[in-house]
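A.B. asks:
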Amino acid sequence: MRYLYYPGCSLKSTGKSYEESLLAVFKALKMDVVEINDWNCCGATAYMAVDETKAFAIAARNLALAEEQFNKEEEIHVIAPCSACYMVLLKTKMFLEQNLAEKGRIKNALKESGLNYEGKVKIRHPLDVLVNDIGVKEIAKAVTHPLKGVKVASYYGCQTVRPYSTFDDQREPHTMDDITAAIGAESVDWPLKTRCCGASLTGTIDRVGLPLSFMILKEASKRRADVVSTSCPLCQFNLECYQDNMNKQFRNDIHIGVVYFSQLMGLALGIDPKTLGMNRLFVPPENVYKIMKGGEKVYV
Amino acid sequence: MDTTIDVKSFAPNGKQNGYNGKAKMINRKIKYESELSSDFKETIAELAHGEKLYGCIQCGTCSATCPVSHYMDYTPRKIIQMVREGFRDDVLKSSTVWLCASCYSCTVECPKGIKITDVMYALKREAISAGYFPKRFPTPVLAENFFAQVLNNGRNSEGPLLMKMYMKTNPFNALKNTMLAFRLWKTGRLTLKTEHTKDRKSLKKLLGSIDKQKEALAK
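Which chain is which? The protein sequence lines are B and Y, in order.
Just so you know, this note's numbering puts 263 at position 266 of the first sequence, and the rest follows in order with no gaps.
Going from the second sequence to this note's numbering is simple: count from 1 and add 2.
(1) Where does the unbroken alpha helix (DSSP H) through B/Asp35 begin, and where does it stop?
(2) Would you report the Cα separation of B/Lys190 and B/Asn129, rounded to the nearest angstrom?
(3) Judging by CA-CA distance, which residue of B/Gln260, B/Lys294, B/Lys290, B/Glu283 is the nearest neighbour of B/Ser14?
(4) If I follow the unbroken alpha helix (DSSP H) through B/Tyr0, where does it start and stop?
(5) On the three-state DSSP scale, how would you describe B/His74?
(6) Can you pull the chain B residues whose beta carbon is under 8 angstroms from the beta carbon of Y/Phe135, in chain order?
(7) Using CA atoms only, rank isn't needed, just tell me which of Y/Lys206, Y/Lys200, Y/Ile116, Y/Phe149 is closest to Y/Gln60.
(8) Determine, for Y/Gly16, whether the minimum Cβ-Cβ distance to residues of chain B falls below 8 angstroms.
(9) Does any residue of chain C bring its CB to less than 8 angstroms from the CB of Y/Cys105?
(10) With burial defined as no fewer than 16 other Cβ atoms inside 10 Å of the residue's Cβ, what is the status of Y/Met3: buried or exposed?
(11) Could you confirm whether any beta carbon from chain Y is found closer than 8 angstroms to the beta carbon of B/Cys79?
(12) Taking the alpha carbon of B/Lys219 as the reference point, which residue from B/Asp241, B/Pro188, B/Gly195, B/Tyr239 has its own alpha carbon closest?
(13) Taking all protein chains shown into account, do 16 or more other C-beta atoms lie within 10 angstroms of the C-beta of B/Ser7, making it buried, or fewer, making it exposed?
(14) With 8 angstroms as the threshold, decide whether the Cβ of B/Cys82 is near any Cβ in chain Y.
(15) Can you name, in chain order, every residue of its own chain whose Cβ lies under 7 angstroms from the Cβ of B/Lys88, other than the five neighbours on each side?
(16) Taking C-alpha atoms, which residue in B/Ala57, B/Arg159, B/Glu135, B/Asn113 lies nearest to Y/Glu111?
(17) Does the contact criterion of 3 or more C-beta pairs under 8 angstroms hold for the stretch 20 to 37 of chain B versus the stretch 82 to 93 of chain Y?
(18) Could you tell me whether any Cβ in chain Y is nearer than 8 angstroms to the Cβ of B/Gly254?
(19) Roughly how many angstroms lie between the CA atoms of Y/Ile82 and Y/Cys58, to the nearest whole one?
(20) Do you know offhand how far B/Phe258's Cα is from Y/Gly133's?
(21) Grab me the residues of B/Arg58's own chain with a C-beta within less than 7 angstroms of its C-beta, minus the 5 sequence neighbours each way, in chain order.
(22) Roughly how far, in whole angstroms, is the beta-carbon of B/Ile120 from the beta-carbon of B/Ile176, given that I think they are within contact range, below 8 angstroms?
(23) Measure the alpha-carbon distance for B/Asn284 versus B/Ala222 and round it to whole angstroms.
(24) Between B/Pro170 and the rest of its own chain, which residues show a CB-CB distance below 7 angstroms, the 5 nearest in sequence each way excluded?
(25) Step through the CB atoms of chain Y and report whether any lies within less than 8 angstroms of the CB of B/Thr201.
(26) Can you have a look at B/Met307 and say buried or exposed, based on whether 16 or more other CB atoms are within 10 angstroms of its CB?
(27) Out of Y/Ser71, Y/Lys43, Y/Lys114, Y/Tyr106, state which residue places its alpha-carbon closest to the alpha-carbon of Y/Asp120.
(28) Which same chain residues, not among the five before or five after Y/Gln151, have their C-beta less than 7 angstroms away from its C-beta?
(29) What did DSSP end up calling Y/Gly115 once you bin it into helix, strand or coil?
(30) Using only CA atoms, which one of Y/Thr98, Y/Tyr56, Y/Phe42, Y/Pro142 lies nearest to Y/Pro222?
(31) Among the residues of its own chain, which have a CB less than 6 angstroms from the CB of Y/Leu205, if the five just before and after it don't count?
(32) According to the neighbour-count rule (16 or more other Cβ atoms, all chains shown, within 10 Å of its Cβ), is B/Asp250 buried or exposed?
(33) Quick one: which chain Y residues come within Cβ less than 7 angstroms of B/Asp35?
(34) In chain order, what residues of the same chain have a beta carbon less than 7 angstroms from the beta carbon of B/Pro230, not counting five sequence neighbours either side?
(35) State the Cα-Cα distance for the pair B/Asp35 and B/Tyr44, rounded to the nearest angstrom.
(36) Which chain B residues sit within Cβ distance under 7 angstroms of Y/Arg191?
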């Protein structure tokens, strides 16, 4: 099956290593993935707050572009790795199905800009594609360097599983843990899998956002996780890049690597860390590297 | 309308009944019906696409599951009730609307199926169009700048966006985060270059057409 890929703005800047590692993993699993031509921003959560019709229109433009590019296919599968993009595109698709008046308006506008939207697009999260289309068995088969002994805290965040996605449980998701098991690592059982990391609040109003991120890291390190695995560029950014600020504010000393699940997969598939964008991390997951080299873990 | 009364008016010589002479303001704790906006709930129901919020049973599940409700002026449960009762100004001026991080916990957990996050979006839009947001509060500033950037370039450029937001809200904060920005730049995760789509005209046409259709609808 061929897939289209919608990167979104974050995967081209702060979440660059998500794109790098995900594409490398797709390639290793021999998946046929093409980027959508000249895609635009999905609108994220900010656009919705200013003008709703326009927010849906710009998101719908991407769906129309996907249909244009894969016009010969019956069903078009678009992979959206960023949680916000995934949620917004799903929401747009649902909204257009339910609100026919708005759909008419948006279709007219798309026509005026030379596009057409029929509704053939399916929005997929990479976790969904990897677990349900490729399958954990295939992933396990492709593993060359099993991450035996690595304890991974899977952190799904909000918008990967809430509120519109159906590929996983909304309260107790398991797809990332399935992948963790397939690559030979061990999942940490913890309750904060889908707790909010603070999203944009961590950057804008830090006295509200920072404690939320800190709570997640503290729990993960309390449960002796070697690394936190994420599926969202904003979660990864909040949890990793603000660790210094958190330690300062809460007088603590937490140093825990926060990586994308695709980076851990890539390591297990024997892909070189630089190709996976590991060099872009602020807090390298030292324990993972140590275990992979056959050394002993060190807890800070 | 002034809802405060000066206690002095009850104590002519200033020393009656233990009154110490200091003017003490007594505030009216309830609103008169004439001060409420009776069509507010309809406005919000229309903006949020559905009248489900009328069926709120005030169980408080939303407030309990909300990760930031303890920072809000009014918890989500209270906000829903205030919307239903028509407390327009209090709702639109509250910090609640701007603290919602769109995590959708409330939407998933609500036993009555109210899409509370979408109600919050409706309130955000209503507050912006009524000009009711705190000037230096970063969230609405971020939203508006994000909007402008996508309108012009089709894509969002995180570097310039954050710069603008800090300059407009709290330049000191920008200084505090210089180290972070530097590290991001060094690891190739942040540029000050503006990202844009190749075909910027098509997006402008799309949004222009929405404006035209809305104008026609308003007429």
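Even for Gly, the Cβ is constructed at its ideal location relative to N, Cα and C.
C.D. replies: Put simply:
(1) As a working note, residue 35 of chain B is residue 38 in the first sequence. Note, B/Asp35: premise wrong, no alpha helix (DSSP H); not H, not E.
(2) Taking the first residue of the first sequence as position 1, residue 190 of chain B is located at position 193. Taking the first residue of the first sequence as position 1, residue 129 of chain B is located at position 132. Each residue's alpha carbon lies about 20 angstroms from the other.
(3) Here residue 14 of chain B corresponds to residue number 17 of the first sequence, with the count starting at 1. Answer by Cα proximity: B/Gln260.
(4) To locate residue 0 of chain B, count along the first sequence from 1; it is residue 3. Note, B/Tyr0: premise wrong, no alpha helix (DSSP H); beta strand (DSSP E) at -1 to 2.
(5) Here the question's residue 74 of chain B lines up with position 77 in the first sequence. Correct three-state label for B/His74: strand.
(6) To locate residue 135 of chain Y, count along the second sequence from 1; it is residue 133. Per Cβ cutoff of 8 angstroms: no residues; Y/Phe135 is ~10 angstroms from chain B at best.
(7) The sequence position of residue 60 of chain Y within the second sequence is 58, counting from 1. Ranking Y/Lys206, Y/Lys200, Y/Ile116, Y/Phe149 by Cα distance to Y/Gln60 puts Y/Ile116 first.
(8) The sequence position of residue 16 of chain Y within the second sequence is 14, counting from 1. Model confidence at Y/Gly16 stands at a pLDDT of 49, short of 50, so the residue's coordinates are unreliable; what they give is reported in the following sentence. So, not an interface residue.
(9) Given the protein chain composition of this structure (B and Y), no chain C is represented.
(10) For the purposes of this step, residue 3 of chain Y is taken as the residue at position 1 of the second sequence. Residue confidence is low: Y/Met3 scores 47 on pLDDT, short of 50, so the model does not pin down where it sits. No coordinate-derived value is stated.
(11) Counting from one through the first sequence, the residue named residue 79 of chain B turns up at place 82. Judged by the 8 angstroms Cβ criterion, B/Cys79 is not in contact with chain Y.
(12) Within the first sequence, residue 219 of chain B is the residue found at index 222, counting from 1. Checked all of B/Asp241, B/Pro188, B/Gly195, B/Tyr239; the closest Cα to B/Lys219 is B/Pro188.
(13) Taking the first sequence and counting its residues from 1, one reaches residue 7 of chain B at position 10. Buried: at least 16 other Cβ atoms inside 10 Å.
(14) Counting from 1 along the first sequence, the entry for residue 82 of chain B is found at position 85. Chain Y, which has no Cβ nearer than 8 angstroms to the Cβ of B/Cys82, makes this no.
(15) Taking the first residue of the first sequence as position 1, residue 88 of chain B is located at position 91. Hits under 7 angstroms: Tyr161.
(16) Position 109 of the second sequence holds residue 111 of chain Y. Nearest of B/Ala57, B/Arg159, B/Glu135, B/Asn113 to Y/Glu111, Cα basis: B/Arg159.
(17) no
(18) Position 257 of the first sequence, counted from the first residue, corresponds to residue 254 of chain B. Not closer than 8 angstroms to any Cβ of chain Y, the Cβ of B/Gly254 fails to qualify, so no.
(19) As a first step, residue 82 of chain Y is located in the second sequence; it is residue number 80 there, counting from the start. As a first step, residue 58 of chain Y is located in the second sequence; it is residue number 56 there, counting from the start. Approximately 8 angstroms between the Cα atoms of the pair.
(20) What you label residue 258 of chain B is simply residue 261 of the first sequence in a count that begins at 1. What you label residue 133 of chain Y is simply residue 131 of the second sequence in a count that begins at 1. Rounded to the nearest angstrom, the two C-alpha atoms are 42 angstroms apart.
(21) Sequence index remark: in the first sequence, residue 58 of chain B carries index 61 (1-based). Excluding positions up to five away in sequence, the list reads Asn37, Leu107, Leu112.
(22) Start at 1 with the first residue of the first sequence, and residue 120 of chain B comes out as number 123. Start at 1 with the first residue of the first sequence, and residue 176 of chain B comes out as number 179. No, B/Ile120 and B/Ile176 are not in contact; Cβ-Cβ is about 20 angstroms, not under 8 angstroms.
(23) Working through the first sequence from its first residue, we reach residue 284 of chain B at position 287. Working through the first sequence from its first residue, we reach residue 222 of chain B at position 225. For B/Asn284 and B/Ala222, the distance between alpha carbons rounds to 10 angstroms.
(24) Residue numbering aside, residue 170 of chain B sits at position 173 when the first sequence is read from its first letter. Closer than 7 angstroms at Cβ, skipping near neighbours: Tyr153, Val158, Lys190, Thr191.
(25) Within the first sequence, the letter at position 204 stands for residue 201 of chain B. Answer yes: the Cβ-Cβ gap between B/Thr201 and chain Y drops below 8 angstroms somewhere.
(26) Outside the displayed span of chain B (-2 to 297) sits residue 307 of chain B, for which this structure offers no information.
(27) The sequence position of residue 120 of chain Y within the second sequence is 118, counting from 1. Ranking Y/Ser71, Y/Lys43, Y/Lys114, Y/Tyr106 by Cα distance to Y/Asp120 puts Y/Tyr106 first.
(28) On the second sequence, position 149 is the one that residue 151 of chain Y refers to. Once the five neighbours on either side are set aside, the close Cβ partners of Y/Gln151 are Asn158, Ser159, Leu163.
(29) Position 113 of the second sequence, counting from 1, holds the residue named residue 115 of chain Y. Y/Gly115 falls in the coil class under three-state DSSP.
(30) Outside the shown range of chain Y, which is 3 to 221, sits residue 222 of chain Y, and nothing can be said about it.
(31) Along the second sequence, one-based indexing puts residue 205 of chain Y at 203. The answer, listed in chain order, is Gly156.
(32) Residue numbering aside, residue 250 of chain B sits at position 253 when the first sequence is read from its first letter. Result: exposed.
(33) The sequence position of residue 35 of chain B within the first sequence is 38, counting from 1. Here the neighbours are Thr199, Lys200, Asp201.
(34) Indexing the first sequence from 1 puts residue 230 of chain B at position 233. Closer than 7 angstroms at the Cβ level, and outside the excluded window around B/Pro230, lie Ser7, Leu8, Thr11, Gly12, Tyr15, Cys79.
(35) Translated into the one-based positions of the first sequence, residue 35 of chain B becomes position 38. Translated into the one-based positions of the first sequence, residue 44 of chain B becomes position 47. Roughly 19 angstroms between the two C-alpha positions.
(36) Looking up residue 191 of chain Y in the second sequence gives position 189. Ser10, Thr11, Lys13, Arg277, listed in chain order.
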